[in-house]
Each structure stands twice: as structure tokens, then as C-alpha cells.
Amino acid sequence: MSNVEQDRAAQVSAMSDEQLIAIWQSATDEETENLSPWLAMVVEEMGRRKIAL
147 MSNVEQDRAA QVSAMSDEQL IAIWQSATDE ETENLSPWLA MVVEEMGRRK
197 IAL
């Protein structure tokens, strides 16, 4: 994992549940069907925390 990816992963892991949910809810249908690396990290973190999508 690159330094940028590590920094982003650290940012995502530091977010509150509410922040993660807000990011997911603000994503467009296209974004949720074709996850960007950033949104994929958000989804992965939500999964770790057992936050339902």
C-alpha cells in the first residue's frame, strides 16, 4: 500500500460512524456501482464496524 493509500486509510478509520454513513449516502448510483478507491475504503471500514449499507 502506498503512503497516499495509507494516509487515506488512516483518515477513513478515524472517521465517526456518522461520517462514514454520510459519505455513503451522498454517493451517486454510478459511484456505488463503480467504487473509487476512496469509496471502497469507506465501504470496507463500514463493513469492519458492521454498519449496514
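Sequential numbering of the sequence shown, starting at 147, is according to the working numbering. Quick reminder that beta carbons are idealized off the backbone N, C-alpha and C, glycines included. Source: prediction; values computed, not measured.
Non-local beta-carbon contacts of Glu177 in its own chain, meaning distances under 8 Å to residues more than five positions away in sequence, involve Leu185 in chain order.
The alpha-carbon of Arg194 is positioned some 12 Å away from that of Leu166.
Here DSSP, grouped into helix, strand and coil, assigns Ala198 to coil.
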